[in-house]
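Undergrad: Have a look at this one before I ask anything.
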Amino acid sequence: MTWIVLALLAGAAAFVVSLYNALVRLRNASESAWSDVDVQLKRRYELVPNLVETVKGYASHEKSTFEQVVRARTQAMAASGPEAKSAAEGGLTATLRSLFALAEAYPELKANQNFLSLQAELSSLEDAIQNARRYYNAVVRDLNTRCEAFPSNLVANGFGFTKKAYFELDDAAERKAPQVSFAS
């Protein structure tokens with residue numbers, strides 16, 4: 000009889016350890032995925048000043064647009080965590096849209112090789128950000144499911160695992176990448 004009880008206790012302990020380890024793997028994967036999102040966003044932040052300077056050369060009198068882009072970039076760089084980054088990124092995306100709308104009025108800018116290269120790089124970065132965000136959200140979904148579903152929620156609550164926030168954009172218009180095509 001005691002062997003049966005010991006076997007049941009050992010089985011229960013192994014089950015708890017298995018659930019705990021799964022939660023640790025998901026937490027670490029979510030942190031790694033967020034780091035990937037952050038790297039892509041930093042690459043985007045580094046590209047923005049080059050875009051602004053290129054457009055400035057053709058539309059130097061559009062000072063307020065440039066200031067808005069720089070301010071939005073600064074706010075996005077300062078934001079931390081998925082929720083704050085989501086809001087700040089929405090603002091940056093909107094100001095980038097206004098920068099590209101401004102560029103639309105300058106045909107010689109649209110033909111500038113440096114600008115064309117920068118717009119291609121931004122388009123590529125937007126795809127990379129979208130992919131990194133999608134992966135992060137998938138890992139967070141799995142972690143959050145484990146934190147809520149029985150019996151893993153008992154282990155999650157007992158060891159302090161908590162749900163993580165998704166990296167989402169609030170406005171449906173912000174869900175689109177900035178328009179970077181200047182084909183005539």
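What the sequence shown shows, in numbering that gives the first Met the number 0, is residues 0 to 183, in sequence order. Ideal Cβ positions, reconstructed from N, Cα and C, are used throughout, including at glycine. As the structure is a computational prediction, the values presented were derived from the model and not from experiment.
#1: What would DSSP say about Met0, mapped onto helix, strand or coil?
#2: If contact is defined by three or more beta carbon pairs under 8 angstroms, each pair taking one atom from either stretch, is the segment 49-63 in contact with the segment 96-111?
#3: Could you check the C-alpha separation between Val16 and Glu30 for me, to the nearest Å?
#4: Output the boundary residues of the alpha helix (DSSP H) element that contains Phe149.
#5: For Ala172 and Val139, I'd like the C-alpha separation in whole angstroms.
#6: Sort Ala32, Glu88 and Leu124 by Cα distance to Asp141 and report the nearest one.
#7: Do Leu124 and Arg43 have their CB atoms nearer than 9 angstroms?
#8: I'd like the list of long-range same chain contacts for Phe181, defined as Cβ closer than 6 angstroms, with 5 residues on each side in sequence excluded.
#9: By DSSP, does Arg174 sit in helix, in strand, or in coil?
#10: Within this structure, are the beta carbons of Val68 and Leu50 separated by less than 9 angstroms?
#11: Only counting the same chain, and skipping five residues up and downstream in sequence, which positions put a Cβ closer than 7 angstroms to that of Arg197?
#12: Output needed for Glu82: all residues of its chain with C-beta closer than 6 angstroms, excluding positions within five of it in sequence on either side, in chain order.
#13: Cα separation between Cys146 and Leu115?
#14: Distance, Cα to Cα, Leu153 vs Asn130?
#15: Quick one: give me the first and last residue of the alpha helix (DSSP H) that Glu107 is part of.
#16: Thr186 to Ser97, Cα distance in whole Å?
#17: DSSP three-state call for Tyr165: helix, strand or coil?
#18: Compute the Euclidean distance between the alpha carbons of Ala6 and Ala12, then round it to the nearest angstrom.
#19: Whole angstroms is fine: what's the gap from Leu117's alpha carbon to Ala93's?
TA: Quick answer:
#1: Residue mapping note: residue 0 aligns to position 1 of the sequence shown, counting from 1. Here Met0 carries a coil assignment [DSSP, helix/strand/coil].
#2: yes
#3: In the sequence shown, counting from the first residue as 1, residue 16 sits at position 17. In the sequence shown, counting from the first residue as 1, residue 30 sits at position 31. Their backbone Cα atoms lie some 21 angstroms apart in a straight line.
#4: Start at 1 with the first residue of the sequence shown, and residue 149 comes out as number 150. No alpha helix (DSSP H) contains Phe149, which DSSP labels as neither H nor E.
#5: Here the question's residue 172 lines up with position 173 in the sequence shown. Here the question's residue 139 lines up with position 140 in the sequence shown. Any answer about Ala172 is weak, because its pLDDT of 48 lies below 50 and its placement is not dependable; what the coordinates show is given next. Looking at the two C-alpha atoms, the distance is approximately 24 angstroms.
#6: Within the sequence shown, numbered from 1, the residue matching residue 141 stands at position 142. Taking only the C-alpha atoms, the option nearest Asp141 is Ala32.
#7: If you number the sequence shown from 1, residue 124 lands on position 125. If you number the sequence shown from 1, residue 43 lands on position 44. Against a cut-off of 9 angstroms, the Cβ pair of Arg43 and Leu124 comes out as a contact.
#8: As a first step, residue 181 must be located in the sequence shown, where it is residue number 182. Confidence in Phe181 is poor, its pLDDT being 47 and thus under 50, which makes the residue's placement unreliable; the coordinate value appears in the next sentence. Excluding positions up to five away in sequence, the list reads Lys109.
#9: Taking the first residue of the sequence shown as position 1, residue 174 is located at position 175. In this prediction, Arg174 scores a pLDDT of 48, lower than 50, which makes its location untrustworthy; no coordinate-derived value is stated.
#10: For the purposes of this step, residue 68 is identified with residue 69 of the sequence shown, where counting begins at 1. For the purposes of this step, residue 50 is identified with residue 51 of the sequence shown, where counting begins at 1. In this structure, Leu50 lies closer than 9 angstroms to Val68 by Cβ.
#11: In the structure displayed, the chain extends from 0 to 183; residue 197 sits before or after that span and is not available.
#12: By one-based count along the sequence shown, residue 82 stands at place 83. Once the five neighbours on either side are set aside, the close Cβ partners of Glu82 are Ala164.
#13: One-based indexing of the sequence shown puts residue 146 at position 147. One-based indexing of the sequence shown puts residue 115 at position 116. Rounded to whole angstroms, Cys146 to Leu115 spans 46 angstroms at the Cα level.
#14: Within the sequence shown, the letter at position 154 stands for residue 153. Within the sequence shown, the letter at position 131 stands for residue 130. Rounded to whole angstroms, Leu153 to Asn130 spans 32 angstroms at the Cα level.
#15: The sequence position of residue 107 within the sequence shown is 108, counting from 1. Run containing Glu107: Pro106 to Lys109, per the alpha helix (DSSP H) assignment.
#16: No answer is possible for residue 186: it lies beyond the span of the chain, which begins at 0 and ends at 183.
#17: Locating residue 165 in the sequence shown gives position 166, counting from the first residue. Tyr165 falls in the coil class under three-state DSSP.
#18: Translated into positions along the sequence shown, residue 6 becomes position 7. Translated into positions along the sequence shown, residue 12 becomes position 13. Each residue's alpha carbon lies about 10 angstroms from the other.
#19: Position 118 of the sequence shown, counting from 1, holds the residue named residue 117. Position 94 of the sequence shown, counting from 1, holds the residue named residue 93. Their backbone Cα atoms lie some 18 angstroms apart in a straight line.
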